[in-house]
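Anchor point for the sequence shown: position 43 equals 49 in the numbering used here, and the numbering is continuous, going up by one each time.
Backbone N, C-alpha and C fix where the C-beta goes; we use that ideal spot for every residue, glycine too.
From a predicted model like this one, the values you see are computed outputs, not experimental measurements.
Some notes on the structure that comes next.
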Amino acid sequence: MAHHDDQDLLPTPGQRVGTFLKRKDVSQTFVLGIFFTAVFVVLGLWVYPHWMPNVMSKEMQGNEDIMIWFTVISAPIAGVVLAIAMESFINMHRGDTPPPEDGPGIKTHGPVVVIWSAVSVLFTIVAIVWGITEMNTWSSDALAGSNNALVVDVTGSQWNWSFNYPAQGITSHELNLPINQPVEFRVISADVNHSFWPVQLGVKVDANRLSTTIARTTPDKLGVFDVKCAELCGLNHAYMETSGHVESVADFNSWVSQAKATGGTQQ
Ligand SMILES: [Cu+2]
7 MAHHDDQDLL PTPGQRVGTF LKRKDVSQTF VLGIFFTAVF VVLGLWVYPH
57 WMPNVMSKEM QGNEDIMIWF TVISAPIAGV VLAIAMESFI NMHRGDTPPP
107 EDGPGIKTHG PVVVIWSAVS VLFTIVAIVW GITEMNTWSS DALAGSNNAL
157 VVDVTGSQWN WSFNYPAQGI TSHELNLPIN QPVEFRVISA DVNHSFWPVQ
207 LGVKVDANRL STTIARTTPD KLGVFDVKCA ELCGLNHAYM ETSGHVESVA
257 DFNSWVSQAK ATGGTQQ
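So this is what it looks like as structure tokens:
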């Protein structure tokens, strides 16, 4: 266990940075910091992608990319914080009583404040610029696909979703979408605020009572996706979910004609 004399408790002015870096606890923290950073990079690049929902649209791919890369670039921060915590834990004084007096106050260290602030600003700028660029791509994609977009009117109500396809003339509690065709969800609520979230399609938009909100995406993978409500909307909010299907164009068309044959309303 390290012996702490008064010297250890003194603040560390700039000219003593060299001495500070040579301290055993500091170098141990440094090594632990590198180790934990590597762990978070591995988690971000290889583990998280398996835990996250399937990617069934370009928008979802964009969401996952930003989450993965932001985990990687912020790994050193989490790594260093965890290393300091771990170092303190390893060197804790079991059974000690705390010193009767406080050590000297910690003085502000200019360069540390400047570097810390600059790094935080840089991270924020990366997130903002990345987010805006991504949103811009989405809007221009949506604009390019708006002529042949499939329109689905989505209504949220306590506590289920219903889907109306105006061009096809059908209403259903099932959400079926043809693959590779842009879709425009026009979302509204019949009662309280909900939030329409087709998870694997990578979009989410509020469902309000008096104004229609729009979310656009293009499903590019066949399969099942989850439809959830992402706004606490009452007792059965957690159960306000269903599943949707991305189908081949032929399957979608036969579902539409089947639904029409049964009177235009599918349950
Ligand atoms: Cu809801």
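Beta-bridge partners of S63 (DSSP): P225. For E190, the shortest separation between its Cβ and any heavy atom of ligand 1 does not lie below 7 Å. When the beta-carbon positions are compared, V262 and I176 come within less than 8 Å of each other. The beta carbon of E253 sits closer than 8 Å to the beta carbons of N182, L183, P184, I185, L228, W261 from its chain, once the five residues preceding and following it are set aside; these are given in chain order. Counting other Cβ atoms within 10 Å of its Cβ, Q67 stays below 16 and is therefore classed as exposed. Note: G162 is bridge-paired with W167, S195 in the DSSP secondary-structure output.
When Cβ pairs closer than 8 Å are counted between the two stretches, the region 216-226 is seen to touch the region 58-66, the count reaching three or more. Counting C-beta pairs closer than 8 Å gives fewer than three between the region 146-158 and the region 110-125, which falls short of the contact rule. Restricted to the region 75-130, the alpha helix (DSSP H) segments that are unbroken, complete and at least 4 residues in length are 81-96, listed in chain order. With respect to A196, S146 sits apart: the two C-beta atoms are not nearer than 8 Å. Each residue's CA atom was taken as its position, placing K234 and I40 some 39 Å apart. For P184, the uninterrupted beta strand (DSSP E) segment begins and ends at 181-184.
Taken from the Cβ of E107, every heavy atom of ligand 1 lies 7 Å or farther away.
The three-state secondary structure of L207, taken from DSSP, is helix.
With a threshold of 16 other beta carbon atoms within 10 Å, V255 falls short and is exposed.
According to the DSSP assignment, V252 belongs to the beta strand (DSSP E) that extends over 248-253. Within the same chain, Cβ atoms closer than 6 Å to the Cβ of V209 are found at E65, A221, T223, the five residues on either side in sequence being excluded. Nearest to V205 by C-alpha distance, out of V61, F46, G111, K28, is V61.
Per the DSSP secondary-structure output, I40 pairs with nothing in a beta bridge.
By the beta-carbon neighbour count (other beta carbons within 10 angstroms, threshold 16), G85 is buried. Between T35 and A81, the C-beta spacing is not below 8 Å.
Apart from sequence neighbours up to five positions away, the residues of its chain that approach K266 with a beta-carbon distance below 7 Å are G175, I176, ordered along the chain.
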